[in-house]
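Residue numbers (the numbering used here): 357 to 742.
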């Protein structure tokens, strides 16, 4: 081993679909950091990292990857990072968390890299281009580079600058649209308007970047749910992003929005209400070719996924199947889904043993604490994933 203390910096989060990506921290925290629903960067100061600092981290990651492959050869695995190599890296205290992170990336062989933290397009275009070119030079095996940004930030870049960033090696951008309803954007302190979301989204698509837009079912509460669903879909109809990703709202005590729950000015949607909200949202999407994904355990109906327009009816049918369940079966499904036992309403009939266990669990909680106790139990299970 060249240096057992080799390490590089990583941030706190990444999208679920980037779980097997190489994670590199390009900026620290969030430059906006005011959204009422977000728990991630509160009380943390945003800072830019220098190009040299980032390059040193990329160099460290490259050396770690080379060390791990050398270890593979030493163990007789001929450079392949397999179970034997993973066990050696995770089983020894001599290897840092950075080694483990790179080992997992090599093990899954995704070829993808996610640049953290919340808004990397805030970097000067020339600096970001330099970083991307260096990354591609050091890791020629990388097939996709992705990052987060804000619409407001992307709006400040010209299409030409965004295209230069794309040509330097950035493939995909994740943007938190959250909602396309202006009164709700203002309430949640998102710092952007629906029109700005549209303009920024169109710019990134025109520059050749793949665009993932996140929508947050439940963000309108019971007070603004329909406007939230309809106006969000209308904004997306204008952008036509490559991906529309659903991330249902959760409000743990540590987020600023929780105070509005306590005050009574914001009322959470129930799961049944959310299903109807998502139905209205999907129904309103029109004239676009986006792929809709529901790839997070916080989402009640994972199967609301597909390519528009051809899979629209299939997605609506998933919601209708849930809505057609009897009250007790919807409750059992919700319990199983939140606990990780179910991925589809059809799973209810696939495993009678699991079904009976969940049915008995619901009955026991209800007998001791009533329906409110069941709802609290389910809510606490979901909040574990926030």
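In this text, a Cβ means the ideal position worked out from N, Cα and C, and glycines have one as well.
Computed from a predicted structure; not experimentally measured.
In the DSSP secondary-structure assignment, residue 601 is bridged to 570 and 649. Residue 411 has its alpha-carbon roughly 10 Å from the corresponding atom of residue 489. Contact between residue 607 and residue 588 does not hold, since the beta-carbon distance rounds to 19 Å and is not under 8 Å.
In this structure, residue 701 lies away from residue 711, with their beta-carbon atoms at least 8 Å apart.
Taking a C-beta distance under 8 Å as the contact criterion, residue 413 and residue 364 qualify as a contact pair. Cβ contact annotation for residue 584 (same chain, cutoff 7 Å, sequence separation greater than five): 535, 537, 540, 575 and 576, in chain order.
Within the segment 578-629, the runs of alpha helix (DSSP H) that reach at least 4 residues and sit entirely inside it are, in chain order, 581-595 and 613-619. Sequence-distant Cβ neighbours of residue 469 in its own chain, meaning closer than 6 Å and more than five residues away, are 377, 378, 498 and 501. Distances from the alpha-carbon of residue 678 to those of 667, 663 and 703 put 703 closest. DSSP, reduced to helix, strand and coil, places residue 502 within a strand of the structure shown. The segment 372-447 is shown to contain whole alpha helix (DSSP H) runs of 4 or more residues at 407-430 and 439-446, in chain order. Between the alpha carbons of residue 724 and residue 692 lies a gap of roughly 20 Å. In the three-state scheme derived from DSSP, where H, G and I count as helix and E and B as strand, residue 468 is classed as strand.
The straight-line gap separating the alpha-carbon atoms of residue 610 and residue 619 is approximately 15 Å. Distance between residue 673 and residue 657, taken at the CA atoms: about 11 Å. Shown here, residue 491 sits in a helix according to DSSP, grouped into three states. The Cβ neighbour count for residue 408, taken over all protein chains shown within 10 Å, is under 16; the residue is labelled exposed. Nearest C-alpha to residue 398 among 726, 646 and 612: 612.
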